[in-house]
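Trainee: Note that our numbering has the sequence shown beginning at 1, numbered continuously upward.
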Amino acid sequence: MKILKSLTSPRVYKPTVTVILLMLIVIVFLMSTLYHFPGVIDDAYISFRYAANFAEGQGLVFNPGERVEGFSNFLWTLIIAIAMKFFKVDPMYFSKIAGFIITVGLILVTYLCSRMVMGRWHLLNFVPPYIVAVNTYIAHWSVMGLATLPFVFLIFVAIWLAFLEQKHHWRVQVSPVVAAIAIMMRIDASFYLGILFPAFWVILLTRGEFRVRRFAVWVLEFAIIMVPYIIWRLLYYESLFPNPYYAKVDPNIGHTRGAAHLFFFYFTQGWGFMNLWLVSAVVAIFWRNRYGLICLLMLLLNAFYVWYVNGDWMQNYRFLLPVIPFIALNISVVARLVSRLKNLPIKVCLLLLLLFALYDYSRFHFNENSTYVWDWNPHRYRKNDNRWFYPRQLWQKYWRGIVPPLQNVADWIFNNVPDGAQVVTSDIGYPGFLNLGVRIIDIDGLTDKFIGRLGNSLQDNRKKQHYIMAKKPEFIFIFINHSRPNPSSPGHPYPEVSRLIYYSPEFRKNYIEVSRMNKYMNSWVHLYKRKGARSGLTPEEKIKRLRDGLQRNAHVFYLYLEMIKLCRQQNKPTKEWIHYVKCALNLFRANAGNMRRLGDRLCEANLLKFAQTAYRQSLRINPRQPVLYSVLATLYKRTGDIEEAINVLEQGLELFPNNPGLRNSLTRFQQLRKKAS
């Protein structure tokens, strides 16, 4: 009974206790985030290309001269552009770290909102931030480089500030400014704020606390920011909504995928999650709690939004993340109401249900073996069994480094397509970001108004095909699914327009296949070049492209290898190349495979001292590489350091005493030492 009383009675905790509990919650979130940190989503690079063009004075455009808003996160893109321009940061790492910090802020503001709703310090105030911190979908999207969590954070900050302004009668209102910033961060925020603030004003009206003057000031401050922004959008992009809205929302194809998306989010995450939101919703309705009803209203409206836009092709429920903090707050409100019950058996049963639901929720999100994720099929989900939560394996995965999507396509364009050439492809993010000088035509229509505003009927797809072929692009990437009965059938998940292009007479007549790349999403990437189009770059063009690429992509190991290859071709290194070598040694020193490949390339470039450092580092990370001991010993021999070569071989023989290659090499080097003495 004492434990139950301590859980349900409001009491003032010391600030140190609050700080310690919140720090523990943040540490739990950090551990979950590290698993997802190496992940990359291609759509983030679309915003990065806009940001890079803006930083270079081209404007907020994907292709210079084409004013199409192919992103829906204006402020996020602008912040990244400023960071790239003035601080020369890598946008992927910058967006990941910023996203993590902002999500920690979301956890803290969820706690503040819970305390605001509850009215007093209470142990139950820590339940909402815990639910947000444990959720693996929030951990995933916090480090994917998108504005998915920042705009949710700003929504909750705006609501929290609105309550503080009303409670303390602030003369200057800050909430309208934050609300406007949230909408500029991501346009979806207008949907949620358009519900939350009217509900907030209705609550004030029912309490008799609504003031027309404060309301007018709020609207005026909001309009001062938003009206110029909307006018600029209409003048610059000539469109009220971003182009992805038109490209992705097609009511003519039905809403079954959106319904399936909702079902698998709410009903396949274990009984704990289902009970948490279902029971809290029922109790909020039964007690007619205004805060609980607002949270329930947000769930219903979010469900309508996701259903209308037909869900999301990405896994991990990006569009449903805003409701998780609302569910968490509603659970806290309901738990507080239950704690006030006088019927002890019902009170104990409901609180035990809450504890068991939280346990099941935590177990589920720390072990995704039962999590359902998108499987690139509109009506099929699969179980995700790729996650573990053991510290050693977690750190190994973290240090594998970031591998961008469609890197093979991006690298081929980087090495072969001259600036100004037109390339048709899908998944345009990283291929476009790595190659700013190349004009990218997106088959999906995210960055093309004509394609984006057409539907997916056969007639519309034929219009897309004729439009693309009329531009006479020099290169076309087509994704072909070889697992289908017809081996030449461009397959899902890529649009029907790819198949129409592939079978069109003009394409068959004017284009030839020049490359076939690795499998990607159940498909193989086939590259076709227009007859007579120039491919390949001069050494000067290649050097310039490498320099520009390394300024924007400091984490791409491939670019460093290419720069060192040029060093070998030039016969003598320069200070600039040595700078890139040192950067590669520092950035990838925790990856044994990369260090070994770097050592090989440095040997080819005759940078023997740096090669020795790379091989040494590779052996420190993974000592069980018997061949590398012989290679390193030979390298020391080339520099005249026989003693160090013998030491390396002896270290290898300690681990591999029966290895004949190491033993023979050691004997040979010992004989060389005797002759030298």
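By construction, the Cβ of each residue, glycine as well, lies at the ideal position given by its N, Cα and C atoms.
(1) Scan the segment 310 to 365 and note each continuous alpha helix (DSSP H) run of 4 residues or more that stays entirely inside, going in chain order.
(2) Please give the ranges of any alpha helix (DSSP H) in the segment 115 to 203, keeping only runs that are unbroken, at least 4 residues long and fully inside the region.
(3) Can you name the start and end residues of the alpha helix (DSSP H) that Ser665 belongs to?
(4) Quick one: residues in its chain with C-beta nearer than 7 Å to the C-beta of Val648, no 5 flanking neighbours on either side, listed in chain order?
(5) With C-beta atoms as the reference, is Glu69 less than 9 Å away from Pro228?
(6) For Ser523 and Ile480, what's the separation of their Cα atoms in angstroms?
(7) Please name the residue or residues paired with Ser515 in a DSSP beta bridge.
(8) Hey, is the segment 340 to 359 in contact with the segment 210 to 225, meaning 3+ C-beta pairs nearer than 8 Å?
(9) State the Cα-Cα distance for the pair Glu650 and Trp577, rounded to the nearest angstrom.
(10) Is the beta carbon of Leu653 sitting closer than 9 Å to the one on Leu672?
(11) If you draw a straight line from the alpha carbon of Leu149 to that of Ile543, how long is it in whole angstroms?
(12) Counting beta carbon pairs with one atom in the segment 405 to 420 and one in the segment 499 to 512, are three or more of them shorter than 8 Å?
(13) If I measure Cβ to Cβ from Ile285 and keep anything under 8 Å in the same chain, skipping five residues before and after, which residues do I get?
(14) Under 8 Å by Cβ, that's how I've got Thr110 and Pro128 pegged, so tell me the actual separation to the nearest angstrom.
(15) Go ahead and label Met184 buried or exposed: buried means 16 or more other beta carbons lie within 10 angstroms of its beta carbon, across all protein chains shown.
(16) Starting from Ile225, follow the alpha helix (DSSP H) in both directions and report where the run begins and ends.
(17) If we ignore side chains and look at the alpha-carbon of each, how far apart do Pro176 and Ile79 end up?
(18) The alpha helix (DSSP H) that contains Gln407, what's its start and end?
(19) Roughly how many angstroms lie between the CA atoms of Asp427 and Asp411, to the nearest whole one?
(20) Identify whether Gln625 lies in helix, strand or coil by the three-state DSSP scheme.
(21) Which class does Asn486 belong to by DSSP, given the choice of helix, strand or coil?
(22) Leu546 and Leu566: beta carbons closer than 9 Å?
(23) In its own chain, which residues sit with a C-beta less than 8 Å from the C-beta of Leu655, not counting the 5 before and 5 after it?
(24) What do you reckon, are the CB atoms on Ile82 and Cys113 nearer than 9 Å?
(25) For the alpha helix (DSSP H) that contains Arg257, what are its first and last residues?
(26) Let me check understanding here. Comparing Cα to Cα, which of Ser239, Thr447, Val423 and Leu354 lies closest to Val333?
(27) For Phe151, which residues from the same chain have a beta carbon less than 7 Å from its beta carbon, with the 5 sequence-adjacent residues on both sides left out?
(28) Residue ranges of each alpha helix (DSSP H) run of no fewer than 4 residues wholly in the segment 571 to 613, ordered along the chain?
(29) Mind checking who Ile428 pairs with in its DSSP beta bridge?
(30) Report back the beta-carbon spacing between Tyr560 and Tyr528 to the nearest angstrom; my notes put them in contact at under 8 Å.
(31) Which whole runs of the alpha helix (DSSP H) in the segment 59 to 121 are 4 residues long or more, in chain order?
(32) Do the segment 136 to 148 and the segment 32 to 40 make contact, defined as three or more Cβ pairs closer than 8 Å?
(33) Which residues bound the alpha helix (DSSP H) around Asp548?
(34) Along the chain, where does the beta strand (DSSP E) that runs through Ile441 open and close?
(35) Could you check what DSSP says for Ile642 in three-state terms: helix, strand or coil?
(36) Cα separation between Ile107 and Arg318?
Mentor: Checking against the coordinates, here is how it stands:
(1) 323 to 339
(2) 127 to 134, 136 to 142, 148 to 168 and 175 to 185
(3) Taking the first residue of the sequence shown as 1, we reach residue 665 at position 665. Where Ser665 is concerned, the enclosing alpha helix (DSSP H) stretches over Pro660 to Ala676.
(4) Reading the sequence shown from its first residue, position 648 is the one you call residue 648. Counting only Cβ-Cβ distances below 7 Å, and skipping sequence neighbours, we find Tyr629, Leu632, Ala633 and Tyr636.
(5) Within the sequence shown, numbered from 1, the residue matching residue 69 stands at position 69. Within the sequence shown, numbered from 1, the residue matching residue 228 stands at position 228. Not in contact: Glu69 and Pro228 (Cβ atoms no closer than 9 Å).
(6) To locate residue 523, count along the sequence shown from 1; it is residue 523. To locate residue 480, count along the sequence shown from 1; it is residue 480. If I take the Cα positions, the gap works out to 5 Å.
(7) The residue you call residue 515 lines up with position 515 of the sequence shown. Looking at the DSSP assignment, Ser515 forms a beta bridge with Leu527.
(8) no
(9) Numbered from 1 along the sequence shown, position 650 holds the residue referred to as residue 650. Numbered from 1 along the sequence shown, position 577 holds the residue referred to as residue 577. Rounded to whole angstroms, Glu650 to Trp577 spans 34 Å at the Cα level.
(10) Within the sequence shown, numbered from 1, the residue matching residue 653 stands at position 653. Within the sequence shown, numbered from 1, the residue matching residue 672 stands at position 672. No, these two residues do not count as a Cβ contact at 9 Å.
(11) Taking the first residue of the sequence shown as position 1, residue 149 is located at position 149. Taking the first residue of the sequence shown as position 1, residue 543 is located at position 543. Computed Cα separation, rounded: 38 Å.
(12) no
(13) Locating residue 285 in the sequence shown gives position 285, counting from the first residue. Once the five neighbours on either side are set aside, the close Cβ partners of Ile285 are Gly292, Leu293 and Leu296.
(14) Indexing the sequence shown from 1 puts residue 110 at position 110. Indexing the sequence shown from 1 puts residue 128 at position 128. Correct: roughly 5 Å between the Cβ atoms.
(15) By 1-based counting over the sequence shown, the position of residue 184 is 184. Buried.
(16) Within the sequence shown, residue 225 is the residue found at index 225, counting from 1. Ile225 -> alpha helix (DSSP H) spans Val212 to Tyr236.
(17) The residue given as residue 176 occupies position 176 in the sequence shown. The residue given as residue 79 occupies position 79 in the sequence shown. In a straight line, the C-alpha of Pro176 is about 20 Å away from that of Ile79.
(18) Taking the sequence shown and counting its residues from 1, one reaches residue 407 at position 407. Where Gln407 is concerned, the enclosing alpha helix (DSSP H) stretches over Gln407 to Asn416.
(19) Residue mapping note: residue 427 aligns to position 427 of the sequence shown, counting from 1. Residue mapping note: residue 411 aligns to position 411 of the sequence shown, counting from 1. Using only the alpha carbons, I get a separation of about 14 Å.
(20) The residue labelled residue 625 in the question sits at position 625 within the sequence shown. Note: Gln625 maps to coil in three-state DSSP.
(21) By one-based count along the sequence shown, residue 486 stands at place 486. At Asn486, the pLDDT of 49 sits below 50, so the modelled position is not reliable; the number obtained from the coordinates is stated separately. Of the three classes helix, strand and coil, the one that applies to Asn486 here is coil, per DSSP.
(22) In the sequence shown, the residue the question calls residue 546 occupies position 546. In the sequence shown, the residue the question calls residue 566 occupies position 566. Yes, they are a contact pair.
(23) The residue given as residue 655 occupies position 655 in the sequence shown. Taken in chain order, the residues that qualify are Pro623, Arg624 and Pro626.
(24) Against the sequence shown, residue 82 aligns to sequence position 82. Against the sequence shown, residue 113 aligns to sequence position 113. No; because the gap between Cβ atoms is not below 9 Å, this pair is not in contact.
(25) Translated into the one-based positions of the sequence shown, residue 257 becomes position 257. Element bounds for Arg257: Thr256 to Phe267.
(26) Position 333 of the sequence shown holds residue 333. Answer by Cα proximity: Leu354.
(27) Working through the sequence shown from its first residue, we reach residue 151 at position 151. Here the set comprises Ala182, Met185, Arg186, Asp188 and Ala189.
(28) 575 to 587 and 592 to 604
(29) The residue given as residue 428 occupies position 428 in the sequence shown. BP columns for Ile428 are empty, so no partner.
(30) One-based indexing of the sequence shown puts residue 560 at position 560. One-based indexing of the sequence shown puts residue 528 at position 528. Not a contact, Cβ separation roughly 30 Å.
(31) 74 to 87 and 91 to 118
(32) yes
(33) On the sequence shown, residue 548 is found 548 positions in, with the first residue counted as 1. From DSSP, the alpha helix (DSSP H) with Asp548 extends over Pro539 to Arg552.
(34) Reading the sequence shown from its first residue, position 441 is the one you call residue 441. That run of the beta strand (DSSP E) goes Arg439 to Asp442.
(35) The sequence position of residue 642 within the sequence shown is 642, counting from 1. In this structure, Ile642 counts as helix in the three-state DSSP scheme.
(36) Within the sequence shown, numbered from 1, the residue matching residue 107 stands at position 107. Within the sequence shown, numbered from 1, the residue matching residue 318 stands at position 318. For Ile107 and Arg318, the distance between alpha carbons rounds to 17 Å.
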